[in-house]
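**Q** Numbering (the numbering used here), first residue to last: 3 to 384.
Ideal Cβ placement from N, Cα and C applies to all residues, glycine included.
#1: Would DSSP call residue 1 helix, strand or coil?
#2: Shortest alpha-carbon distance to residue 247 belongs to which of 52, 347, 357 and 223?
#3: With the cut-off set at 8 Å, would you say residue 108 and residue 97 are in Cβ contact?
#4: Between the Cα of residue 379 and the Cα atoms of 258, 339 and 312, which residue gives the shortest distance?
#5: Taking buried to mean at least 16 other C-beta atoms within 10 Å of its own C-beta, is residue 117 buried or exposed?
#6: To the nearest angstrom, how far is the alpha carbon of residue 49 from that of residue 14?
#7: On a CA-only basis, which of 276, 315, 274 and 320 is nearest residue 288? Give me that one, please.
#8: Which residues bound the alpha helix (DSSP H) around residue 319?
#9: For a test of the three-state rule: what should DSSP assign to residue 308, helix, strand or coil?
#10: Quick one: give me the first and last residue of the beta strand (DSSP E) that residue 381 is part of.
#11: Are the segment 82-94 and the segment 51-59 touching, with three or more C-beta to C-beta distances below 8 Å?
#12: Nearest to residue 158 by CA position, among 300, 341 and 332, is which residue?
#13: Taking only the alpha-carbon atoms, compute the straight-line gap between residue 240 and residue 326 and give it to the nearest angstrom.
#14: Hey, quick one: how far does the beta strand (DSSP E) through residue 260 stretch, first residue to last?
#15: Tell me, please, which residues DSSP counts as bridged to residue 290.
#16: Report all residues from its chain with a CB closer than 8 Å to the CB of residue 227; omit the five preceding and five following residues, and keep chain order.
#17: Is residue 299 helix, strand or coil by DSSP?
#18: Mind the definition here: the segment 341-350 touches the segment 360-376 only if three or more C-beta pairs lie below 8 Å; say whether that holds.
#19: Over the uninterrupted alpha helix (DSSP H) stretch that includes residue 239, give me the two end residues.
#20: Tell me the rounded alpha-carbon separation between residue 223 and residue 71.
#21: Quick check on DSSP: helix, strand or coil for residue 73?
#22: Tell me, please, which residues DSSP counts as bridged to residue 132.
#23: At the level of alpha carbons, what is the spacing between residue 62 and residue 119?
#24: Would you identify the three-state DSSP class for residue 224, choosing helix, strand or coil?
#25: CA-CA distance, residue 249 and residue 255?
#26: Let me check you understand the geometry: is the CB of residue 297 closer than 7 Å to at least one non-hydrogen atom of the ligand COA?
#27: Please identify the residue among 102, 127 and 83 whose C-alpha is closest to the C-alpha of residue 115.
#28: Quick one: grab the DSSP three-state call for residue 374.
#29: Can you give the Cα-Cα distance for residue 343 and residue 174, rounded to whole angstroms?
#30: For residue 203, which residues of its own chain have a beta-carbon under 7 Å away from its beta-carbon, when the five flanking residues on both sides are left out?
#31: By the DSSP assignment, the beta strand (DSSP E) with residue 346 in it spans what residues?
#32: Taking just the CA atoms, how far does residue 18 sit from residue 232?
#33: Assuming residue 290 contacts residue 324 (C-beta within less than 8 Å), just tell me the rounded distance between them.
#34: Using DSSP's beta-bridge definition, name the partner residues of residue 341.
#35: Smallest Cα separation from residue 322: which of 91, 235, 103 and 372?
#36: Closest to residue 260 by CA distance: which of 309, 381 and 340 is it?
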């Protein structure tokens with residue numbers, strides 16, 4: 003009878019342990035699902051904000067073109083850009099409605115964006131009321147870059163805050179997974195004969211949790227459409243590459259590139275075709291860079307390629323081969339006619355910049371030069 007009671011007690015203890023393990027697995031799975039939903043939510047919010055900032059820049063570009071040339075063809079994309087930007091702001095408001103912390107950041111960022119849009123409308127009205135000469139004079143003293151820097155900084159601050167929160171969530175999830183594994187091992191040692199059936203279920207649940215955890219981690223570090231590094235991941239890797247270049251004295255080159263007239267492609271062929279072209283460009287870049295090189299999507303149709311241990315004299319030909327391969331590809335419209343897409347590249351060699359932001363700013367200038375020279379070319383700053 004005593005042995006029977008001991009067996010019953012052991013069985014009861016194991017049953018309690020199994021219940022605890024099951025509860026822990028369910029809790030871990032629930033937490034992981036919450037984290038995965040949070041990753042998707044954060045990615046959507048940041049994507050919408052990046053698109054909003056890009057919309058402000060595009061609208062400003064179209065307005066400048068109109069005021070400088072008096073060609074009304076600039077006004078249609080300008081008006082469409084303003085409407086789309088305001089719509090995206092409303093969309094961000096909607097998806098963050100149940101998150102007071104994110105809403106507080108949007109409360110600071112939204113007035114800056116709306117104020118910039120109102121200034122652009124006011125500038126256009128001045129052009130109509132007082133003449134384009136007056137509008138052009140005001141445009142000369144416009145503080146557009148400061149507004150865009152403030153908008154970009156607000157988005158980056160929000161992105162960094164969300165990345166820190168995600169990192170804390172995943173660290174907590176990883177710690178919970180390790181504790182759960184120890185519980186499984188101890189329970190197996192205590193009563194293996196009852197765990198023979200339960201163990202397979204528990205291990206399967208653990209495997210599912212681990213796979214989902216890795217998948218969520220991958221989504222944080224990579225762009226879902228192109229498979230390249232995400233903007234946040236790329237910035238971290240570029241900062242590390244700059245530190246290594248400064249410490250070792252080895253050369254480092256960076257290329258900023260984007261697809262020429264991508265907005266026109268979206269407007270003409272649709273966003274599905276635009277996404278296909280972005281994915282194709284990402285595939286071309288992954289296949290064309292060397293082992294040890296880093297490539298990422300900065301947002302929209304803008305990409306960045308980091309070339310460690312590479313000077314400008316070597317980086318230029320590498321990017322030229324990418325440009326030629328990209329230009330040679332063909333795409334089909336809905337009616338079957340073929341068209342090709344080009345890209346512009348700005349390539350710079352690291353020359354003392356201490357941060358990724360500074361080096362990318364220099365590369366951006368090179369990209370603007372490539373576009374100013376007629377697009378579909380490389381502008382190299384050795």
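**A** So, from the data block:
#1: Not covered by the structure: residue 1. The range shown for the chain is 3 to 384.
#2: On the chain shown, residue 247 is found 245 positions in, with the first residue counted as 1. Closest option to residue 247, judged by alpha-carbon separation, among 52, 347, 357 and 223: 357.
#3: The sequence position of residue 108 within the chain shown is 106, counting from 1. The sequence position of residue 97 within the chain shown is 95, counting from 1. No, they are not a contact pair.
#4: Residue mapping note: residue 379 aligns to position 377 of the chain shown, counting from 1. The shortest C-alpha separation from residue 379 is found at 258.
#5: What you label residue 117 is simply residue 115 of the chain shown in a count that begins at 1. By the neighbour-count rule (16 or more Cβ atoms within 10 Å), residue 117 is not buried but exposed.
#6: Within the chain shown, residue 49 is the residue found at index 47, counting from 1. Within the chain shown, residue 14 is the residue found at index 12, counting from 1. Roughly 52 Å separates the two Cα atoms.
#7: Numbered from its first residue, the chain shown carries residue 288 at position 286. Nearest option by C-alpha distance: 320.
#8: As a working mapping, residue 319 is identified with position 317 in the chain shown. Boundaries of the alpha helix (DSSP H) around residue 319: 314-330.
#9: Position 306 of the chain shown holds residue 308. If DSSP states are grouped into helix, strand and coil, residue 308 belongs with the strands.
#10: Counted from its first residue, the chain shown places residue 381 at position 379. For residue 381, the uninterrupted beta strand (DSSP E) run begins and ends at 380-383, by DSSP.
#11: Between the segment 82-94 and the segment 51-59, the count of Cβ pairs shorter than 8 Å is three or higher; the stretches touch.
#12: Within the chain shown, residue 158 is the residue found at index 156, counting from 1. Answer by Cα proximity: 300.
#13: Here residue 240 refers to the residue found at position 238 of the chain shown. Here residue 326 refers to the residue found at position 324 of the chain shown. Taken atom to atom, the span from the alpha-carbon of residue 240 to that of residue 326 is near 26 Å.
#14: As a position in the chain shown, residue 260 is number 258, starting the count at 1. Taken as a continuous stretch (DSSP letters only), the beta strand (DSSP E) holding residue 260 covers 254-261.
#15: Taking the first residue of the chain shown as position 1, residue 290 is located at position 288. In the DSSP output, where bridge partners are listed per residue, residue 290 has none listed.
#16: Residue mapping note: residue 227 aligns to position 225 of the chain shown, counting from 1. For residue 227, same chain residues with a beta-carbon under 8 Å away, outside a window of 5 residues either side, are 277, 280, 281, 284 and 299 in chain order.
#17: By 1-based counting over the chain shown, the position of residue 299 is 297. If DSSP states are grouped into helix, strand and coil, residue 299 belongs with the strands.
#18: Yes: at least three Cβ pairs fall under 8 Å.
#19: Within the chain shown, the letter at position 237 stands for residue 239. Start and end: 233-250.
#20: Here residue 223 is taken as the residue at index 221 of the chain shown, counted from 1. Here residue 71 is taken as the residue at index 69 of the chain shown, counted from 1. One alpha carbon belongs to residue 223, the other to residue 71, and they sit about 43 Å apart.
#21: Counting from one through the chain shown, the residue named residue 73 turns up at place 71. In the three-state DSSP reduction, residue 73 falls in the coil class, being neither helix nor strand.
#22: As a working note, residue 132 is residue 130 in the chain shown. Bridge partners of residue 132: none, in fact.
#23: In the chain shown, residue 62 corresponds to position 60, counting from 1. In the chain shown, residue 119 corresponds to position 117, counting from 1. In a straight line, the C-alpha of residue 62 is about 9 Å away from that of residue 119.
#24: The residue you call residue 224 lines up with position 222 of the chain shown. In the structure shown, residue 224 sits in a strand (DSSP, three-state: E or B).
#25: In the chain shown, counting from the first residue as 1, residue 249 sits at position 247. In the chain shown, counting from the first residue as 1, residue 255 sits at position 253. Between residue 249 and residue 255, the C-alpha separation is close to 15 Å.
#26: Of ligands this structure carries none, so the ligand COA is not represented either.
#27: Translated into positions along the chain shown, residue 115 becomes position 113. It is 83 whose Cα lies nearest to the Cα of residue 115.
#28: As a working note, residue 374 is residue 372 in the chain shown. Helix, per DSSP.
#29: Here residue 343 refers to the residue found at position 341 of the chain shown. Here residue 174 refers to the residue found at position 172 of the chain shown. Taking the straight line from one Cα to the other gives about 45 Å.
#30: Here residue 203 refers to the residue found at position 201 when the chain shown is read from its first residue. For residue 203, the predicted model reports a pLDDT of 49, less than 50, meaning its position is unreliable; a value from the coordinates is still stated below. Correct list: empty, nothing qualifies.
#31: Indexing the chain shown from 1 puts residue 346 at position 344. For residue 346, the enclosing beta strand (DSSP E) starts and ends at 345-351.
#32: Counting from 1 along the chain shown, the entry for residue 232 is found at position 230. Counting from 1 along the chain shown, the entry for residue 18 is found at position 16. The alpha-carbon atoms of residue 232 and residue 18 are separated by roughly 44 Å.
#33: Stepping through the chain shown from its first residue, residue 290 is reached at position 288. Stepping through the chain shown from its first residue, residue 324 is reached at position 322. Between residue 290 and residue 324 the beta-carbon gap is near 5 Å, inside 8 Å, which marks them as a contact.
#34: Taking the chain shown and counting its residues from 1, one reaches residue 341 at position 339. Beta-bridge annotation (DSSP): residue 341 is paired with 333.
#35: Taking the chain shown and counting its residues from 1, one reaches residue 322 at position 320. Ranking the options by Cα distance to residue 322, first place goes to 372.
#36: Here residue 260 corresponds to residue number 258 of the chain shown, with the count starting at 1. Of 309, 381 and 340, the residue nearest in Cα terms is 381.
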